[in-house]
Amino acid sequence: MYTTYGTGFGKFSQTYHIRTRKYGHKPGHQEQKEKKTPSSRKPHGFLNTRIPSIAPDLYVENDRDVTVNVTTKENLDFLYRSAMKYAQLLDVELPYHPTGSNSTREKICLLYNALDSIVSHHVNLELIGDRLQFCIYHFHEWPDYTLFFMPIDFTERLHGEIKKITLEFIRRFIRHHRMMDITDTPYFDMSEVCTDNMDIEQLDEEEKKDLYRKEKLFRSYKKGKIHRKLCRMYSRAFCRNLEEHIRNCNPSSDKERKLLKLITEGMSLIAKESPYILNYDYDFASEKERDFEPPPLEYQILLTYSITDTVTKDMESCFSTDCQETYNQTPVSFIFITPETEELFKPGNYPERFSKWFKTFVQHITYKL
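Residue numbers (numbering that gives the first Met the number 0): 0 to 368.
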C-alpha cells in the first residue's frame, strides 16, 4: 500500500538474467561494506533462475532489435578481464579461470558465480549494446511504498521574505533533482479517468457534490489556477542570491525559524557537487518485455500542489493498485565494471539523507505551519 511523504508509498542472488540497459547514468564509485543477506523486500524468487547448462548459446535482441549471440569468446574475455581487475582492487584471488571444455555460456555462468562470491554487494550480468558487462549494485535504505510529493500550497500561508526564500528553495530543489509534477505521470491520467467514469446516477446528492468538487480540482490541475502555480515553479527565480537571503532572514515565529533551518539543511542536498536522486533509478530485475512495469523513481518523487487533496489521494490509490502486480522500486547505487576500472564500488548514503530530510520537511510544512 503506497503512502505519501507527504501522504505516505534482496538480493537477486543468482542473476543469470541478461538484460538490455535502458539507462546510461550511474551514481559513481563508493566504499565496499555491504554484507550479503537475503532481502526480505525483494521476494521474487521466480526470477532467480539459472541458465540451463545444456543450452550452448544465448541469443538476444539488442538495442537495434537485431538478434545476436552474446555468449561469445570476446564477451567472455571482456568479463574475465573485468572480474580479474576488480579482484585485484579487492586484493583477493578470483576463484575461477575459464579453461576446460565447458561451453562459453557455462564459463560465463561460472565466472559470474566467482565474482559474486568475492563481492560483498550484488552482481548483475547485463547486455549493453552487443557487449556483456558485470554490474555491481547496492540497495539503499528507503521507506517502501512511499511517495515523495513536494507540495507548494503551504506557501500561501507565508508572507514576505520567508515566502520568497521557500519558493525559491523548492524551485531549485525540483530543478536539481529533475522532478516532474504529478500531472506528467500516467497515474494522474488514470485518476482522472476513474473520476470521469463514475456513474452519477448511482450517487446521492452529497456524493454528487463531492464528485463535482473533484472534477473542478482536476480541471484546476490541468489548466486552471493550480496548473499555473505548478508551471511557475519551473520558470524564473523568486529571488537572487538565495544563500544571502537565508543568512539575512529574520523569521517572525518559531515555526518559521524551524522552516528556515530545514531549508538550510536542504541546501546541502542540492549543492553543485550533490547527485540528483533520479540518478539512483536502477531496476535490478528489468526485462525487455514484461506484463507489468514497477513505477520508476521519477513517478514516485514529484512536485504537487497539495498532499492532502482528493487528486493526490486518488493518485496514491492508483499507485497502490498498480504495484500489487509488480515490485517496489527503490534507489540503487550501481557501477558497470570494466578491465579499466580503477576504484572499488563505494555506495554513499545520499538517498538515506534525502529521504530523512524530505520526511521531516514535508511533515513540518503540512502539519506545523
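Yeah, the Cβ is synthetic: ideal placement off N, Cα and C, and Gly gets one too.
Nearest to residue i (by Cα), restricted to the options the options
{"i": "C134", "options": "L343, S273 and K367", "result": "L343"}
{"i": "E339", "options": "T66, D64, A86 and N68", "result": "A86"}
{"i": "M149", "options": "S332, L301, T309 and K355", "result": "L301"}
{"i": "T337", "options": "E125, H226, C248 and N247", "result": "E125"}
{"i": "K271", "options": "H175, V192, Y220 and W356", "result": "H175"}
{"i": "D90", "options": "I117, D203 and L216", "result": "I117"}
{"i": "I127", "options": "F77, F153, G99 and C317", "result": "F77"}
{"i": "E191", "options": "T329, L216 and D180", "result": "L216"}
{"i": "G99", "options": "L109, T309 and M232", "result": "L109"}
{"i": "L93", "options": "R104, R80 and T103", "result": "R80"}
{"i": "M314", "options": "Y95, L75, Y220 and Q201", "result": "Y220"}
{"i": "R246", "options": "L259, A236, L166 and S234", "result": "L259"}
Straight-line gap, residue i to residue j (C-alpha atoms, nearest Å)
{"i": "I53", "j": "N101", "result": "Note that I53 scores 41 on pLDDT, short of 50, meaning its location in the model is unreliable and no value can be drawn from it."}
{"i": "K106", "j": "K358", "result": "47 Å"}
{"i": "D198", "j": "Y349", "result": "47 Å"}
{"i": "P274", "j": "E160", "result": "29 Å"}
{"i": "P26", "j": "P346", "result": "Low per-residue confidence applies at P26: pLDDT is 38, beneath 50, and the placement is therefore not dependable enough to give any value."}
{"i": "L261", "j": "R171", "result": "15 Å"}
{"i": "E351", "j": "M266", "result": "16 Å"}
{"i": "Q299", "j": "V361", "result": "15 Å"}
{"i": "Y366", "j": "H137", "result": "34 Å"}
{"i": "R289", "j": "L368", "result": "45 Å"}
{"i": "T2", "j": "T311", "result": "10 Å"}
{"i": "H244", "j": "T263", "result": "11 Å"}
{"i": "F353", "j": "E242", "result": "20 Å"}
{"i": "M178", "j": "M83", "result": "39 Å"}
{"i": "H120", "j": "V67", "result": "30 Å"}
{"i": "T303", "j": "F147", "result": "10 Å"}
{"i": "M189", "j": "R212", "result": "18 Å"}
{"i": "P142", "j": "V331", "result": "13 Å"}
{"i": "L157", "j": "I164", "result": "10 Å"}
{"i": "E341", "j": "N278", "result": "21 Å"}
{"i": "R40", "j": "T145", "result": "Since pLDDT at R40 reaches only 45, below the 50 mark, its modelled position is unreliable, and the value read off the structure follows with that caveat. Each residue's Cα considered, the two are about 14 Å apart."}
{"i": "K208", "j": "I269", "result": "43 Å"}
{"i": "V122", "j": "W356", "result": "30 Å"}
{"i": "T329", "j": "F168", "result": "25 Å"}
{"i": "T103", "j": "N327", "result": "35 Å"}
{"i": "T70", "j": "P97", "result": "13 Å"}
{"i": "E214", "j": "R239", "result": "38 Å"}
Endpoints, the beta strand (DSSP E) within which residue i is located
{"i": "M149", "result": "T145 to M149"}
{"i": "Q132", "result": "R130 to F138"}
{"i": "F360", "result": "Careful: F360 lies outside any beta strand (DSSP E), inside the alpha helix (DSSP H) at Y349 to Y366."}
{"i": "F335", "result": "V331 to I336"}
{"i": "T182", "result": "First-last for T182: undefined, no H or E at that position."}
{"i": "N68", "result": "T66 to N68"}
Start-to-end residues for the alpha helix (DSSP H) that takes in residue i
{"i": "E125", "result": "First-last for E125: H121 to I127, but that is the beta strand (DSSP E), not the alpha helix (DSSP H)."}
{"i": "I169", "result": "G159 to H175"}
{"i": "S81", "result": "K72 to L89"}
{"i": "S190", "result": "P185 to D195"}
{"i": "N112", "result": "T103 to I117"}
{"i": "N240", "result": "Neither: N240 is in no alpha helix (DSSP H) and is coded neither H nor E."}
{"i": "T263", "result": "D253 to M266"}
{"i": "H226", "result": "K224 to R231"}
*Does the region 285-294 come close enough to the region 320-330 that 3 or more CB-CB pairs lie under 8 Å?*
Contact between the region 320-330 and the region 285-294 is present, with at least three C-beta pairs closer than 8 Å.
_Residue ranges of each beta strand (DSSP E) within the region 291-322, 3 or longer_ = 300-302
_Stretch-stretch touch, CB-based, cutoff 8 Å, three pairs: the region 113-127 with the region 253-260_ = no
*If we count Cβ pairs, one from each stretch, closer than 8 Å, do we get three or more for the region 274-283 versus the region 180-188?*
no
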